[in-house]
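The block underneath contains the structure these notes are about, expressed in structure tokens.
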Amino acid sequence: MTTISNKKLIGFAAYSGTGKTTLIKLIVAILKDLNYKVSVIKHAHHNFEIDHPGKDSFEIRKSGAENMLISSKKRWALMHENTSDDEPRLIDLLNILEGFESDLILVEGFKAEKFPKIELYRKDIAKDLLCTTDDSIIAVASDSKIEKNIGLTNLDINNPKQIVDYIIKYLGIEK
111 MTTISNKKLI GFAAYSGTGK TTLIKLIVAI LKDLNYKVSV IKHAHHNFEI DHPGKDSFEI
171 RKSGAENMLI SSKKRWALMH ENTSDDEPRL IDLLNILEGF ESDLILVEGF KAEKFPKIEL
231 YRKDIAKDLL CTTDDSIIAV ASDSKIEKNI GLTNLDINNP KQIVDYIIKY LGIEK
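Anchor point for the sequence shown: position 94 equals 204 in our numbering, and the numbering is continuous, going up by one each time.
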């Protein structure tokens, strides 16, 4: 497995139900308020549609277009059909974002890939800590005191500002 090094990349690793997306939304909002340009890559474990039957973009894509870019004054979106059964790796997606200006990139998922991650841990989920088997985890954000000495920075999962401050310092992107 390739180790991904990108000076402005940090991920979040957690079991389902931990609240990754909810926390990332809060972190993005805080970073935006601090005038950071944030990109997010989110892994989906299933087939998904972002447009719907009946919409022109959907119909054009379904007719065979490998790339469908739709644009308006407010936003644009690129839908790309993977024509092979190979799922894009994180490095492939980072290469796509290369042309976009971002101060940092947050990643949800891709927990098997090697890049800096903050583990999100909730005692109620009753699972083992991921950091005991993943040496790319740099900190643990939890809703309770971690009993085990893990040798990592402990953060409060319910304090997104503390997590943002940690990310800014870790990535060395203070403004």
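Note that beta-carbon positions come from the ideal geometry of N, C-alpha and C, so glycine has one too.
CB of residue i within 8 angstroms of CB of residue j, strictly
i: Tyr133; j: Leu230; result: In the sequence on display, residue 133 carries Leu and not Tyr. In this structure, Leu230 lies closer than 8 angstroms to Leu133 by Cβ.
i: Ile273; j: Ala251; result: yes
i: Asp244; j: Ile267; result: no
i: Thr128; j: Ile235; result: yes
i: His153; j: Gly261; result: no
i: Lys258; j: Leu239; result: yes
i: Asp213; j: Ile283; result: yes
i: Tyr280; j: Leu265; result: no
CA-to-CA distance, residue j to residue i, given in whole angstroms
i: Thr112; j: Phe225; result: Its pLDDT being 49, under 50, Thr112 is placed unreliably by the model, and the measurement read from it follows with that caveat. Roughly 9 angstroms between the two C-alpha positions.
i: Leu188; j: Lys142; result: 23 angstroms
i: Asp161; j: Ser167; result: 7 angstroms
i: Gly209; j: Ser149; result: 12 angstroms
i: Arg71; j: Glu169; result: In the structure as shown, the chain starts at 111 and stops at 285, and residue 71 therefore has no counterpart that could be examined.
i: Lys271; j: Val217; result: 18 angstroms
i: Lys183; j: Asp202; result: 28 angstroms
i: Ser126; j: Glu176; result: 31 angstroms
i: Lys117; j: Asn145; result: 18 angstroms
i: Glu197; j: Lys285; result: 36 angstroms
i: Trp186; j: Lys165; result: 15 angstroms
Exposure label - residue i; buried when at least 16 CB within 10 Å
i: Pro163; result: exposed
i: Leu179; result: exposed
i: Lys227; result: buried
i: Gly174; result: exposed
i: Ala139; result: exposed
i: Arg171; result: buried
i: Ala123; result: buried
i: Glu159; result: exposed
i: Ala222; result: exposed
Residue i beta carbon near the ligand ATP (any heavy atom closer than 7 angstroms)
i: Ala249; result: Absent from the structure shown: the ligand ATP. Ligands present: none.
Endpoints, beta strand (DSSP E) assigned at residue i
i: Ala124; result: Taken as a continuous stretch (DSSP letters only), Ala124 belongs to no beta strand (DSSP E), as it is neither H nor E.
i: Ile228; result: 227-231
i: Ala187; result: 186-190
i: Glu218; result: 214-218
i: Ile206; result: First-last for Ile206: 200-207, but that is the alpha helix (DSSP H), not the beta strand (DSSP E).
Enclosing alpha helix (DSSP H) for residue i [first to last residue]
i: Ser173; result: Ser173 -> no alpha helix (DSSP H), and no H or E assigned at all.
i: Ile140; result: 130-143
Checklist line | Length-filtered (4 minimum) alpha helix (DSSP H) runs lying within the segment 238-276 | finding: none
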